[in-house]
Amino acid sequence: MKIYKTKQGIIVESAGKFYLSAENNWDVYVNRDDLYEQVSKEITTLSSIEWAGNDILAPISQQEIWASGVTYMRSREARIEESKDAGGGDFYARVYDAERPEIFFKSSASRCVGTNDFVRIRKDSAWNIPEPELTLFATSSGKIVGYTAGNDMSSRDIEGENPLYLPQAKSYDKAAAIGPCLYITDGEISPDTLISLEILRDNVSQFQGSIAINRMKRQHNELISFLFREMSFPHGAYLMTGTGVVPPNEFSLAIGDIVNISIEGIGTLTNTVEQKA
């Protein structure tokens with residue numbers, strides 16, 4: 004099932020039908036350890052509605068978005084390559100093999116955007132890329148109950164200049180996008196699920212790539228356990244799980260590019276690139 008946050012309220016999609024929930028508080032609705040069971044029960048009491056799907060908001064309210072890095076071999080290689088001149092390449096090789104994963108703060112809800120909205124590239128960066136990532140949603144107890152697509156926008160030249168610049172390379176206005184929905188399932192998402200990225204410029208494809216989430220080195224519960232180890236999230240939290248799809252070094256996003264991130268079962272997160280005026 005899919006849960007959408009929309010301008011008219013919370014809409015559930017199940018078996019090709021749409022239902023408008025009586026609950027309008029997103030934080031209360033999603034922060035339930037038995038979310039799938041409760042939503043399944045709820046829609047049996049509701050009548051289906053017609054919905055065009057043109058009023059979707061980012062599926063977030065008071066949650067924070069965190070991110071994991073260097074969880075795929077391709078990401079490890081890219082981070083080493085971009086940082087080798089600054090002497091930081093060894094850091095990424097070591098964290099890939101270490102017990103403790105890399106986890107960093109990505110975005111507050113106010114800096115995040117949803118599908119069909121604008122993501123941003125920094126004016127002080129010349130090498131910007133999107134990073135398509137399966138994004139976990141865990142309740143306040145730390146239980147994973149849902150999934151969404153995430154775009155972890157990154158300024159690779161800033162991060163490569165010095166690993167200590169990671170917050171500037173990763174966290175700024177409109178640097179995070181999630182959506183289009185919160186996907187919930189009776190059990191874990193299939194490890195064979197594909198994540199795909201396509202970048203369009205003037206309606207011409209500039210890059211395409213995909214990877215299965217079973218290529219990820221870390222386990223989902225492992226990443227969540229480290230995130231929740233010494234922090235509490237009263238409304239739950241999102242965690243981007245890293246990328247295994249990285250455009251070639253000669254590519255950088257430009258204003259007007261369209262980024263499509265698709266994950267099987269979840270849908271497509273679509274964003275257009277802009278720059279701060």
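Residues in the sequence shown are numbered consecutively from 4, following the working numbering. Ideal Cβ placement from N, Cα and C applies to all residues, glycine included. Keep in mind that this is a model prediction, so the values were computed, not measured.
If you follow the alpha helix (DSSP H) that residue i is in, where does it begin and where does it stop?
i    : result
L230 : H223 to L230
Y39  : L38 to I46
I269 : Per DSSP, I269 belongs to no alpha helix (DSSP H) and is neither H nor E.
D120 : From DSSP, D120 is part of no alpha helix (DSSP H) but of the beta strand (DSSP E) over D120 to I124.
Can you give me the C-alpha to C-alpha distance between residue i and residue j, rounded to a whole angstrom?
i    : j    : result
V116 : T273 : 10 Å
T142 : E40  : 15 Å
A172 : I46  : 42 Å
Q282 : R114 : Residue 282 lies beyond the residue range present for the chain, which begins at 4 and ends at 280; the question has no answer from this structure.
D160 : E16  : 41 Å
A152 : S235 : 23 Å
G182 : L169 : 24 Å
S157 : G163 : 11 Å
M219 : G190 : 19 Å
S144 : N119 : 31 Å
I124 : S50  : 43 Å
P62  : F140 : 10 Å
K146 : E277 : 35 Å
Identify whether residue i lies in helix, strand or coil by the three-state DSSP scheme.
i    : result
A280 : coil
W69  : strand
L139 : strand
A63  : First, the residue type needs correcting, since residue 63 is Ile and not Ala in the sequence shown. The answer is coil: DSSP assigns I63 none of H, G, I, E or B.
D30  : helix
Y75  : coil
Q171 : helix
E164 : helix
D155 : strand
A18  : coil
A179 : strand
V98  : helix
S50  : coil
S128 : coil
Which residue from the options puts its Cα closest to that of residue i?
i    : options                   : result
T48  : E253, S24, S199 and R159  : S24
I59  : E233, C184, I266 and K279 : C184
D205 : G259, D195 and I68        : G259
L256 : F107, I6, V122 and E67    : V122
Y99  : K44, V276 and V73         : V73
W130 : P250, K5, P194 and I6     : P250
F254 : E136, E201 and D176       : E201
Buried or exposed: where does residue i fall if 16 or more other Cβ atoms within 10 Å of its Cβ makes it buried?
i    : result
A55  : exposed
D127 : exposed
K44  : exposed
G270 : buried
E228 : Inspection of the sequence shows that residue 228 is occupied by Ser rather than by Glu. By the neighbour-count rule (16 or more Cβ atoms within 10 Å), S228 is not buried but exposed.
N154 : buried
A280 : exposed
V33  : buried
N57  : exposed
V248 : buried
G19  : exposed
F210 : buried
A101 : exposed
N263 : buried
S71  : buried
Going by DSSP, what residue range makes up the beta strand (DSSP E) through residue i?
i    : result
S213 : V207 to A215
R204 : L197 to R204
M243 : A240 to M243
K8   : K5 to T9
F108 : E105 to S110
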